[in-house]
Every structure is written in C-alpha cells, then in structure tokens.
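Q: Chains as they are written, first to last, in our numbering: chain A, 618 to 957; chain W, 618 to 957. Quick reminder that beta carbons are idealized off the backbone N, C-alpha and C, glycines included. Predicted model only: the values in this text are computed from it and were never measured.
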DNA sequence: ACGAGTTTGGCAACCGGTTGACAACGGCGC
DNA sequence: GCGCCGTTGTCAACCGGTTGCCAAACTCGT
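1. Quick one: list the residues of chain A neighbouring residue 678/W, beta-carbon separation under 7 Å, in chain order.
2. Would you call residue 623/A buried or exposed, if buried means 16 or more other Cβ atoms sit within 10 Å of its Cβ?
3. What ranges does the alpha helix (DSSP H) occupy inside the region 751 to 833 of chain W, keeping only unbroken runs of at least 4 residues that lie completely in it?
4. Could you have a look at residue 745/A and say whether DSSP puts it in helix, strand or coil?
5. Give me the chain A residues within the contact set of residue 903/W, using Cβ-Cβ distance strictly less than 9 Å, ordered along the chain.
6. Can you give the Cα-Cα distance for residue 894/W and residue 821/A, rounded to whole angstroms?
7. Does the region 944 to 956 of chain A come into contact with the region 901 to 913 of chain A, if we say contact requires no fewer than three beta-carbon pairs (one atom in each stretch) closer than 8 Å?
8. Assuming residue 741/A contacts residue 725/A (C-beta within less than 8 Å), just tell me the rounded distance between them.
9. Could you confirm whether any beta carbon from chain A is found closer than 8 Å to the beta carbon of residue 948/W?
10. Check each residue of the region 664 to 696 of chain A: if its Cβ is closer than 7 Å to any Cβ of chain W, include it; give the result in chain order.
11. So is residue 880/A buried or exposed if we call it buried at 16+ other beta carbons inside 10 Å?
12. Taking C-alpha atoms, which residue in 837/W, 805/W and 667/W lies nearest to residue 811/W?
13. At the level of alpha carbons, what is the spacing between residue 867/A and residue 841/A?
14. Assuming contact is defined by CB atoms lying nearer than 8 Å, are residue 780/W and residue 928/W in contact in what I supplied?
15. Under three-state DSSP, which class holds residue 958/A?
16. Just the chain W side, please: which residues come within less than 8 Å of residue 872/A by C-beta, in chain order?
17. Report yes or no: is there a C-beta of chain A within less than 8 Å of the C-beta of residue 726/W?
18. According to a CB-to-CB cut-off of less than 9 Å, which residues of the region 707 to 723 of chain A neighbour chain W?
19. Considering only residues of the same chain and omitting the five flanking positions on each side of residue 872/A, which have a CB-CB separation below 6 Å?
20. Quick one: what's residue 694/W bridged to in DSSP?
21. Could you say which of 955/W, 925/W and 790/W lies nearest to residue 694/W if we only look at CA atoms?
22. Assign residue 754/A to one of two classes, buried (16 or more other C-beta atoms within 10 Å of its C-beta) or exposed (fewer than that).
23. In angstroms, rounded to a whole number, what distance separates the CA positions of residue 922/W and residue 745/W?
24. Determine the direct distance from the alpha carbon of residue 676/A to that of residue 657/A, and round the result to whole angstroms.
25. Mind checking who residue 909/W pairs with in its DSSP beta bridge?
26. Please tell me whether residue 808/A and residue 877/A are closer than 8 Å, where the distance is taken between their beta carbons.
27. Would you identify the three-state DSSP class for residue 931/W, choosing helix, strand or coil?
28. Could you pull out every residue in the same chain whose Cβ sits closer than 8 Å to the Cβ of residue 719/A, ignoring the five residues on either side in sequence?
29. Taking only beta-carbon positions, decide if residue 703/A is within less than 8 Å of chain W.
30. Quick one: list the residues of chain W neighbouring residue 700/A, beta-carbon separation under 8 Å, in chain order.
31. For residue 849/W, I'd like the list of residues in its chain whose CB is within less than 7 Å of its CB, leaving aside the five on either flank, ordered along the chain.
32. Compare the beta carbon distance of residue 702/W and residue 843/A with 8 Å and say whether it is the shorter of the two.
33. Output yes if chain W places a C-beta closer than 8 Å to the C-beta of residue 812/A; else output no.
34. Which residue wins for smallest C-alpha separation from residue 819/W, given the options 776/W, 801/W, 859/W and 799/W?
35. Residue 643/W and residue 707/W - do their beta-carbons sit closer together than 8 Å?
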C-alpha cells in the first residue's frame, strides 16, 4: 500500500514546512506558527521544529508566503537614470535601510521618461509592498493614482499626492548667494534642468528669491538635458546672458559647462564662476574643482525607505528631516567677479 | 438562496482571473488558458475574455503565478559596491537586457565582503530565477554551491564553477605596454587591488606577461583597497619602487594616485605616468585626464543577462564575446619617461 | 443520420505557506 | 472526582494562479 499524503518526497528542491512537519512529527501549521509566532507553541515543540528546520536548511518560500499575506517584503526604487552619479547615494542609503528592515530592494529605471516610468511602475507595483519614486517625471495625478494602490514616497518631488522627502535647498542656496555676492558678482544665471523637473523648479525658485533679496540680477536659461552634454550645449547662451556666475541645475551640467568654457578659451573662475548642485563623485576631481551645493542623498534614500516602512505600518517615521539640509561646498570653480 | 462560489465579491484589490471568469461567463481555468496559451481556446471566447480583462484592468499576480510554476521572472544582480562608478554600465546593460526579456532586475550589494555576499545571495536566491554575480568575493566552491541551485553567471570572475563573462584584457594591455614602451618607460609598477580579486590577478598576470615579452621591468604593489583612498595611500610605495609608470588596478585608484602625486609636488605625466582600468565616469574629467584601459561594461552586463537567460532555457546564448575586447584610451596622464 | 475525430471548456488538484476555529489536553481549585 | 480555564496542536479553508485529464460539443466524411 502506498503512503497517503506524501508530497513530492525525495524531490531535489528546497525544504518546505511539510518536510519539517514530518521530521518533527507535527502538523505543518504548527511549523508555521512555531517559526512566525513565538510563544504560540510550547518551547519544547518549537525547539524541535527549529532544529528540524536547521537540519533541512529551511528557507520559507517568499512567493508562497506572499500569496496569503499579500506582503512580499520587497520595495521598489524607481530612478530616472541609474548611471547618473547623483543616484548612487540614494541607492546605497535606500539599500541599507531596506536590508536593515529585512526588505529586498528592486531598482527600476525610467530613463528620464514619464511614459517609461509609468510602465515600469505598472510592471513592478504588483510585486512590491511599497515604492520610492526618485526624481519622478510623473504628473501629480499619476503619482496620486499609484499612491492610492501602494504606499509611495517620493524623493525630490514635492506635491500633496504623496509623502515626500527632499533635501532642504534653502540653507545651501542662501550660503551660495552670500558667497557669490561677497565675490562681487552682480548678475547670475541659472542653467535649468528638464522642463518638468520639480527639483529644477525648486532650485530656481529658491535661488531667484535669494538673489532678489540680495539685490542681484538673475536670469534663467533652459530647459536643458541634465547631463554633461546638456551643460556644454548651453555654454553660448550663458555667455550671451552677461552673467559673471552661472549656477547649473546639477553637477553634471556644471561639469559640461566648465569643459565647454575652457574649450572656448575662457578661464574658470577668473572669467566665469560656475556652481553645481549635489556634490557628485567627480566634482572634486575636475579642474577646477567644482563649488557645489551638497545634499546628503544617502541619508535621503535612507529616510525615504524609513518613511515608506512607516507608511506601511512598520516602524516609526524618521524623526525630523533637519539633517537633510544642504550645504555649500566651496572649491575652485568660483572666484571674484571679473572687473568690466 | 446565496450564490455559491462567490469569492470576495466587491473587495477593493486588484482584479483576478475569477472576476474575469465571472464577467465573461467562463471558468477561471479558461481565462488562464486564453491569456497564456494563445490558440488553446476559441477566438471568440478569447476575445470576450481579453475584453473583460481590459475592462477590469487585469494584471496577473506575479506571486500567485510563481507559486505553481516556480518561475518569478526576476533576476538578481549582486555587486560588491553600488557606488563604484565601474558598475553603472553593468547595471544599465543588465537592466536593459532583463527588461527586454520581460524580467525584473533586483540589485543587491555585498559591500566588498564575502560573508555579506553569501548572506545576500542566500536571502535573494529563493525569489529569483537566476543570479548575476559581478566581481564576486566568493570562493569557487561557494559559487559552485549557488550554481547548483540556481542558474548563475559571473562577471569578471573566472573559474569553472559557473558560466562567466569578462572583458578580454589582452588587447588593451598589449596596447598599453606598447604605448608605455614607445614613451621610453623601462620600469613599470602595478598597483594591485584587493587580495582576493580575480580581476586584479588577471590584470596583473596579463600585464606581467606583456611587460616581460617587451623586456620591461615590472613590480607589483599591493594589495590595496580598490578606492580613491586606496590609490592615494599607495603613492609612497610607488615612488619607492623606482617605476616611471604606474598601472593601477582601476581608475578609482589611479585617480587617488594622481591626487597624491600632485599633492606631493610631482607632475603627472612629466615625472610619473599613471594609467587606470575601466574608463569610468570622471576619468576624462580629472586633470590630467586619465589614460585608461576601457572595457564596455554595459555590454558585459547585457551579455551576462543574455547568457543567464540562455542558461534558463530562454533565448539563445549571445553570439561571441569578441565585442568585449578592451581598448586603450590614451589621454593626458601618460607621457615620455623622465630622463634620469 | 451516424460514428470518428477534433475542438473547446470545466473540474479539481496543486504550488507552499497563513490563519481562524476548534478540540484535546493538562492543571487547578473546590 | 468534577468542572473550568488556559495552553497547545490540528483541521481546513484560502491566497490566485496553472495544468492534467476528461467530457461535452462540434466538425466532417460517408
């Protein structure tokens, strides 16, 4: 006679709670309880079960667990461009916070396109418990629609549609304007990023306000691609603006601008002062080393994930976001304004 | 009388095949067939089902699907350090190839530690269909153990334990040695990476062989941390070696070395020529711009994923890996050897 | 009009866990 | 010795798909 209830005995695959149950002489559900609800079963049985689990090198199948609970212990981080150095810190911080909470991080790239981003989110959403949208190109209502289905935290993308963590640009920008003013600059140019970039708009607004307060002239040039090439391409328009100091939307553009300016025979900072944002890898390496407004993106990534977990009812929200203040890093790309 | 078989009617969550079945007046299994096995059901019913699915905005639950099939349509990419610019290309290439095949890519970081890497793989393995191990710190037998359970492809990590894709260092190194020799260098130093780095060993072996063939002297300095700091820390030993040209294990170290040399008042390349590997972002930005041996890591990432998919029986293996040949990029950090 | 052969769709088991309901059990006070 | 209560383990349903097997229905030739 054949044994009844014999599930795939001898199969190669991973051990299941049924294997453990058999080995420990208990019911599968008891195994589940012993492993997940400490105290629910007697200490003796729990010990027996744990030992059997160890011997069998048991690892619960995440999919099987996710099915009834609906929780996958996976978070998604959606980025515009993985190769942009700005996001390294974000990735690392988010990865660390996720791993610390026992979550796995899925990284998805939207390639700077709203349409791709929407499709990516659509694809990834059903398999994750929450989503971090970094520098999203999505419209407010699209974000709202996603947030209605899954917990969402945005990074560098304000609006009421969802929770948001963004470095506070004010301190850095205030310091920057003071720095430039003290160097004698009277006319500034802001090299804007992409048209629909919330961050670019925010930086421009803050810079504009600070410049006006200080009585400086300021113009906006853009929109531009937020890349080294985008910065280089805008060089002529910067010169045409008559500004003695150019603040680029990000370090990548500032670097492109430095290269274009030098290629055109202009000296930086003697003829033109250039400033970036983010303090990415390479900002200190380029000649002249870039003056920039730094934000601690690693911390931002960490906060975003902590926030997301809090939204999901896991752990508390991060204390205060004052640590996310930006600061000015003065290097060699800014100098006294040239005398006319 | 209450209707039988009524599953969670009216619940908010995502639509299921049961909802579709009800709406189209067929059995759930028919819905599954219509959606996944074209031709298995009549065109008329399939159309009715597809329309119902569209109206309900149906997306199959990945977990539920993964349970019986065992396939998650997810791949893992395990990296030593996400913030190392070398891996950007890898990530982007792998992401692209995975997305093209309808797979999701999970990125996990091992922080340059074999123990962390093993734990990471352990954690992530049950939820993915295959694993790409990039610049692994794992021992051959550990990799073998993983490969026995899941399809594995390594990048920049040879050995017979698993399939491997690595750029071919020979062409780039041959060109490099020829370049240095023509500039009059007679004594070379290689600034090694971490002790257990397969890539570092490989580069050293190839460089050593090429140098010997050319009749040049060569010494190895190391091991060192594969970072900017690691490169800077090794500066004194480079000087002490008497070499007129230093080849660093990677660009990061070369950059650190350049900074340290300049800080010590040495001119690059007049007093010392410096070469890197990988051609990362920033290599062209630093002053002097770095001469380096470039590998197309983006393509390597793509190949690795294609290879992995082939291992999983999905699509064919990539044609030939000749495209992965390295090439020398000559910039400004190499020059004629100083005359004694 | 009838039987053979082919579609087409339904039934039910299954993947591997989780969990509510419940029964068996043991200890306790009286 | 009895009833009561708290503990511990079992049963069975369920999450949302997939798939082997089978029967009904439909095709077509004769």
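A: If we stick to the structure as given:
1. Neighbours of residue 678/W on chain A, chain order: 743.
2. Any reading at residue 623/A is ruled out, since the residue's pLDDT is 41, under 50, leaving its predicted position unreliable.
3. Here the runs fully enclosed are 757 to 766, 786 to 799 and 815 to 830.
4. Coil.
5. Simply 899, 902, 903 and 904.
6. Cα to Cα, the separation comes out at about 39 Å.
7. At 8 Å Cβ cutoff, the stretches touch.
8. The pair is a contact, with the Cβ atoms about 5 Å apart (cut-off 8 Å).
9. Residue 948/W does not count as touching chain A.
10. Across the region 664 to 696 of chain A, CB contacts with chain W closer than 7 Å involve 676, 678, 679, 680, 681, 683, 684 and 689, in sequence order along the chain.
11. Answer is exposed; the Cβ neighbour count stays below 16.
12. Of 837/W, 805/W and 667/W, the residue nearest in Cα terms is 837/W.
13. So the alpha carbons of these two residues sit roughly 11 Å apart.
14. A contact, by the Cβ cut-off of 8 Å.
15. With chain A running from 618 to 957 in the structure shown, residue 958/A is simply not present.
16. Under the 8 Å cutoff, chain W gives 902.
17. Chain A, which has a Cβ nearer than 8 Å to the Cβ of residue 726/W, makes this yes.
18. Answer in chain order: 708, 709, 712, 713, 716, 719, 721, 722 and 723.
19. Taken in chain order, the residues that qualify are 845 and 903.
20. DSSP lists 724/W and 749/W as the beta-bridge partner residues of residue 694/W.
21. Considering only alpha carbons, the answer is 925/W.
22. Buried is the call here.
23. When rounded, the separation of the alpha-carbon atoms in residue 922/W and residue 745/W is 13 Å.
24. So the two alpha carbons sit approximately 20 Å from each other.
25. Beta-bridge analysis with DSSP links residue 909/W to 893/W and 946/W.
26. In this structure, residue 877/A does not lie closer than 8 Å to residue 808/A by Cβ.
27. Residue 931/W falls in the coil class under three-state DSSP.
28. Here the set comprises 690.
29. Using a Cβ-Cβ cut-off of 8 Å, residue 703/A does not count as an interface residue toward chain W, since no Cβ of chain W sits closer than that to its own.
30. Here the neighbours are 705, 706, 708, 709 and 898.
31. Cβ within range, chain order: 873, 874, 876 and 877.
32. At least 8 Å separates the beta-carbon of residue 702/W from that of residue 843/A.
33. Judged by the 8 Å Cβ criterion, residue 812/A is not in contact with chain W.
34. When C-alpha distances from residue 819/W are compared across 776/W, 801/W, 859/W and 799/W, the shortest belongs to 776/W.
35. No, the pair does not count as a contact, with Cβ atoms beyond the cut-off.
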